[in-house]
Structures are given as C-alpha cells and as structure tokens.
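Position 334 (the sequence shown) corresponds to 565 in my numbering; numbering is contiguous.
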Amino acid sequence: MQQTIARTDQPEGIASSSAAAELRKRAVAVGIGNFMEWFDFAIYGYFAAVIGQIFFPSTQPGVSLLSSLAVFAVGFLARPLGAVVLGPIGDKLGRRAVLIITVFGMGLATTLIGLLPDYASIGIAAPILLVALRFLQGMMVGGEWSSAGIYIVESAPANRRATAASVITGTAGAAFLCGTAIAAIITSSMSEEAVAQWGWRVPFVASIVMAGVAMYIRRKLGDTPVYEELERKRANNTLETVSSRAKWRAFVISFAFSALFGVSLYYFITYANTHLTQTVGLSKSTALWLCSLTLVIYTLLNPIVGRLSDRFGRRPFVLSAAFGLTVLAYPVFLLMNTGHYGAILLGLLIMALLVAITAVMDVVLLVEVFPASIRSTGAAVGHNVALALLAGPGPFIAVALIQATHNPNIPAVYLAAVSLACFIVLWFLLPETKDRDITRG
Numbered sequence: 232m233q234q235t236i237a238r239t240d241q242p243e244g245i246a247s248s249s250a251a252a253e254l255r256k257r258a259v260a261v262g263i264g265n266f267m268e269w270f271d272f273a274i275y276g277y278f279a280a281v282i283g284q285i286f287f288p289s290t291q292p293g294v295s296l297l298s299s300l301a302v303f304a305v306g307f308l309a310r311p312l313g314a315v316v317l318g319p320i321g322d323k324l325g326r327r328a329v330l331i332i333t334v335f336g337m338g339l340a341t342t343l344i345g346l347l348p349d350y351a352s353i354g355i356a357a358p359i360l361l362v363a364l365r366f367l368q369g370m371m372v373g374g375e376w377s378s379a380g381i382y383i384v385e386s387a388p389a390n391r392r393a394t395a396a397s398v399i400t401g402t403a404g405a406a407f408l409c410g411t412a413i414a415a416i417i418t419s420s421m422s423e424e425a426v427a428q429w430g431w432r433v434p435f436v437a438s439i440v441m442a443g444v445a446m447y448i449r450r451k452l453g454d455t456p457v458y459e460e461l462e463r464k465r466a467n468n469t470l471e472t473v474s475s476r477a478k479w480r481a482f483v484i485s486f487a488f489s490a491l492f493g494v495s496l497y498y499f500i501t502y503a504n505t506h507l508t509q510t511v512g513l514s515k516s517t518a519l520w521l522c523s524l525t526l527v528i529y530t531l532l533n534p535i536v537g538r539l540s541d542r543f544g545r546r547p548f549v550l551s552a553a554f555g556l557t558v559l560a561y562p563v564f565l566l567m568n569t570g571h572y573g574a575i576l577l578g579l580l581i582m583a584l585l586v587a588i589t590a591v592m593d594v595v596l597l598v599e600v601f602p603a604s605i606r607s608t609g610a611a612v613g614h615n616v617a618l619a620l621l622a623g624p625g626p627f628i629a630v631a632l633i634q635a636t637h638n639p640n641i642p643a644v645y646l647a648a649v650s651l652a653c654f655i656v657l658w659f660l661l662p663e664t665k666d667r668d669i670t671r672g
C-alpha cells in the first residue's frame, strides 16, 4: 500500500516531506487522467458542427447542428447512470477503483468515435452507434469528475482543500484549451473537405495514447487517508449514521452549485465557440483562437481562486459567482454580438473569471457537503443529475432559442435564470464548510 498522507482534518498540514511528495504524485496522477477525460469530452463539442454534417446530413438550415448538439446532451443524460453505477463503487471499493474504470472507458469510447464510419457509409447505423458511444462517454465522465475531486481533496491537508480542488478544474481547463488549440490548428491548416473527411478524427483516435498513460499511472496509486479511516470505522462498527434529512439537504445543495457550474461552464467552453461562428459570423479559426486565449486565463485563474477560498471560505465565492452570472449574462452576450474582437474578449474574460470560481467551488463543496460514507455516491449523483437536466441541454437550448426568436442575445436568459435560482437556493441552504471535518460520517 502507498505511504499514508497526514490526516486531512489536521490544519497544520502535511507532516513530512515524504507525505508532501506523495501528495504531489497523487496530484500528477489524477491531473493527467482528468486531463485526458476532459480532452476527450471537449473535442466533441468543438467539432459538433462537422459531426452534425456527416452523421446527421440535412438540407434544412440548422438541423444538422441541432442534431449534433442533441447528441452532445446525450452524454449528459448518461451521467446520472454513470453516477449510480460508479458512485457506490467508490464508497465500497475505494476512490481509486473508480478512477481506473473511468479512464479506461473514456479512452475506449473516444477512440471508437474517431474510427466510426459516417452516414454515407453505413446509413442509420452511424448515428445510432455515435449515440451509444456518447452514452458510454457520459457514463465515464459521470464517475470521473466527482471521483477525481474526492480523491485529491481527501488527500490534501484541511487548509489546502480548495487549492487541491483547483488541480481538477485547472487540468480540465487545460484539456479544453488543448482541445480548442488543436481544433484551431486543424481547421486553419486544412480545407473544410479534409476536416470533414478525416481531420476531425485525429484527436479522437490519438486519445488512446493518453488513456494508456493515465491507466498505467492510476493503477499505482493507493487510496485516500479519508477512505482508509472510513474502512477502519466500518471494521470497528464506529461509523456515524447519516440521516435521510442530511442526505436530502446535501443533494439539494450539490444540485444547486453543480447546476451553476455546469451551465456556465458549457456556455463558456462549448457554446461560445458555436455562437461566435453560427450567430456572430466569425470564421471557425478566429472563434477558436479567441476561445483559446480566454481559456488560458481561465486555467490560470483556478489555482488563484483555490488559494483565496482556502483563506476566505466557500460561501462568499460561490454566492458572488451566482450573482455575477445572473446580472452579467446579458451584457456578456451584448459584447460578443458586437463582432468586435476586443468586446468579444472582454465578454469571454468576464465569463472566464466567474466560471473559474464556480468550478473550484463545485469540486471542493462536493467533498465538504457530503459525509464520508456516502460521499462518492452522493457527490456523483447530485453533480450529474444537475448537469444532465440543466447543463447538458444548455448549448442545444441556446441554439433553439435563437432559431425560435431570432434574437442573438436570448441565450443569456437561460444562463441568468439558472444562476438566479441557484443563488436563492445556496443563500438559504449552504453553510460555510471551509473548516468542516471531512472524515465524519
């Protein structure tokens, strides 16, 4: 078994340099696997328009894109199932077990999407198989985000939990950045015909290499100190009982902050690119480079948010982000719809800051609001139900709203409405959890 890290409920931090080295190793292992997972999931969004054309051909304007975004949402609808299946594994067999399953399943599904024949080759079987593989992707992501977050936060000292959480959100941001940059390179260096024929497939197939590396590294990990303590309590019959009321309250809170994070994130990293090309009229390469630049800022902001939250708490940050998204969603779309690069960058940078806050708070709160014995299941279900119901359909709803109203600013209404609802729930239900003992329950 790997060397045990100092207990996470000790605010004085890690007791020795060897424990600090172990924590760094765990951060690297989880970060690499998390990067691979989110790179795989992101590239579908960036090539949604191309995928729509070759798997859902249609002469009607917008139908192919809507079909492709609907399949994007399928990945989110599968997430609760992944949570229900994989979450209990994390509570019964350990956090590490889930991390190995998810990285293998995601790598396999993504590679097969890259090898899938198109509609012109095998007809209706092509979109059916695409939906099935997206469903598998969604199940794996349904276990990855919360499990990776739980693993790294449970391995961190109490006064560095949000900073540790930023490893998950930062590597996810880097994955989206890498996916955006690769998509920009492919679309700017190849003709549209070449991209449609084979160019979009390259990053999908290449993900098998990252999956293999991540699998190798994660297999060498031990489990978290919190889970080891949980196992000792089970063996000694000293595990605290968790009431139904406490479980339900934790679920509602996690649903709210996960919805806030999920809707804003996918507006920022998936829909913004589609909006800039399909609605504003920018070229694909220009839109991708603008999104890449703001993703750099987003990624750099994550550890800063983590450090500040470890000092000042969770509640003020998550409430500020919810309020900011409520009042600034419409101005952000006004800026993007000017078509001017400076205004677009300003709008996207506002989003980058607010989404970075929601991201780090999402990961650390998933650990801190749930008791240890139900944490893997509760966090996975609460997070993924919110993303399936509200975040996954977000890009589809945004496109559909524009087509129905012909108002390019109308997607802001959905983002603001969800953010306002989350603000109200969190204002009344979320306590400050910065100093909570995460080994309890």
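Note that beta-carbon positions come from the ideal geometry of N, C-alpha and C, so glycine has one too.
Three-state class that DSSP yields for residue i in the structure shown
{"i": "His637", "result": "coil"}
{"i": "Gly380", "result": "helix"}
{"i": "Gly443", "result": "helix"}
{"i": "Pro348", "result": "coil"}
{"i": "Glu460", "result": "helix"}
{"i": "Pro388", "result": "coil"}
{"i": "Gly318", "result": "helix"}
{"i": "His571", "result": "coil"}
{"i": "Thr510", "result": "coil"}
{"i": "Leu660", "result": "helix"}
{"i": "Ser604", "result": "helix"}
{"i": "Lys256", "result": "helix"}
{"i": "Thr530", "result": "helix"}
{"i": "Asn468", "result": "coil"}
{"i": "Met370", "result": "helix"}
{"i": "Val679", "result": "As displayed, the chain neither begins before 232 nor continues past 672, which places residue 679 out of reach and without an answer."}
{"i": "Gly264", "result": "helix"}
{"i": "Trp429", "result": "helix"}
{"i": "Phe548", "result": "helix"}
{"i": "Ile669", "result": "coil"}
{"i": "Ala251", "result": "helix"}
{"i": "Ala309", "result": "coil"}
{"i": "Ser422", "result": "coil"}
{"i": "Ile285", "result": "helix"}
{"i": "Ile355", "result": "coil"}
{"i": "Gly401", "result": "helix"}
Anticipated Cβ contact below 8 Å, residue i with residue j, distance rounded
{"i": "Gly609", "j": "Gly570", "result": "That belief does not hold up - the Cβ atoms of Gly609 and Gly570 are roughly 45 Å apart, past 8 Å."}
{"i": "Tyr458", "j": "Glu375", "result": "Tyr458 to Glu375, Cβ: 17 Å. No contact."}
{"i": "Arg480", "j": "Leu660", "result": "7 Å"}
{"i": "Tyr502", "j": "Pro639", "result": "Going by Cβ atoms, the distance from Tyr502 to Pro639 rounds to 12 Å, so no, they are not a contact pair."}
{"i": "Asp541", "j": "Thr394", "result": "6 Å"}
{"i": "Ser419", "j": "Ser516", "result": "4 Å"}
{"i": "Thr455", "j": "Arg326", "result": "6 Å"}
{"i": "Leu343", "j": "Leu364", "result": "5 Å"}
{"i": "Ala487", "j": "Val656", "result": "4 Å"}
Alpha carbon of residue i to alpha carbon of residue j, nearest angstrom
{"i": "Gln284", "j": "Leu491", "result": "31 Å"}
{"i": "Ala273", "j": "Leu367", "result": "15 Å"}
{"i": "Leu566", "j": "Ala560", "result": "10 Å"}
{"i": "Val483", "j": "Tyr497", "result": "21 Å"}
{"i": "Pro288", "j": "Gly354", "result": "10 Å"}
{"i": "Val598", "j": "Gly537", "result": "14 Å"}
{"i": "Phe500", "j": "Leu526", "result": "The displayed chain sequence assigns Ile, not Phe, to residue 500. Whole-angstrom Cα-Cα distance: 8 Å."}
{"i": "Tyr447", "j": "Thr557", "result": "43 Å"}
{"i": "Val204", "j": "Trp429", "result": "The question about residue 204 has no answer, for the chain in this structure spans 232 to 672."}
{"i": "Arg310", "j": "Thr510", "result": "29 Å"}
{"i": "Phe564", "j": "Val586", "result": "15 Å"}
{"i": "Gly313", "j": "Gly623", "result": "15 Å"}
{"i": "Ala617", "j": "Thr589", "result": "14 Å"}
{"i": "Arg545", "j": "Lys665", "result": "6 Å"}
{"i": "Ile633", "j": "Asn568", "result": "12 Å"}
{"i": "Val681", "j": "Tyr350", "result": "Residue 681 is absent from the structure shown; the chain starts at 232 and stops at 672."}
{"i": "Ala647", "j": "Cys653", "result": "10 Å"}
{"i": "Trp658", "j": "Val362", "result": "38 Å"}
{"i": "Glu424", "j": "Leu408", "result": "24 Å"}
{"i": "Ile528", "j": "Ala280", "result": "26 Å"}
{"i": "Glu243", "j": "Ser249", "result": "With a pLDDT of 42 at Glu243, under the threshold of 50, the predicted position of this residue should be treated as unreliable, and no value is reported."}
With a threshold of 8 Å, are at least 3 pairs of Cβ atoms found where one atom belongs to the segment 522-535 and the other to the segment 464-478?
no
Touch test, the segment 396-411 against the segment 377-384, Cβ-Cβ under 8 Å, three pairs minimum:
yes
Can we say the segment 315-325 touches the segment 602-616, given the rule of at least three CB pairs closer than 8 Å?
yes
With three or more C-beta pairs closer than 8 Å as the rule, is the segment 334-347 touching the segment 263-270?
Yes, the segment 263-270 is in contact with the segment 334-347.
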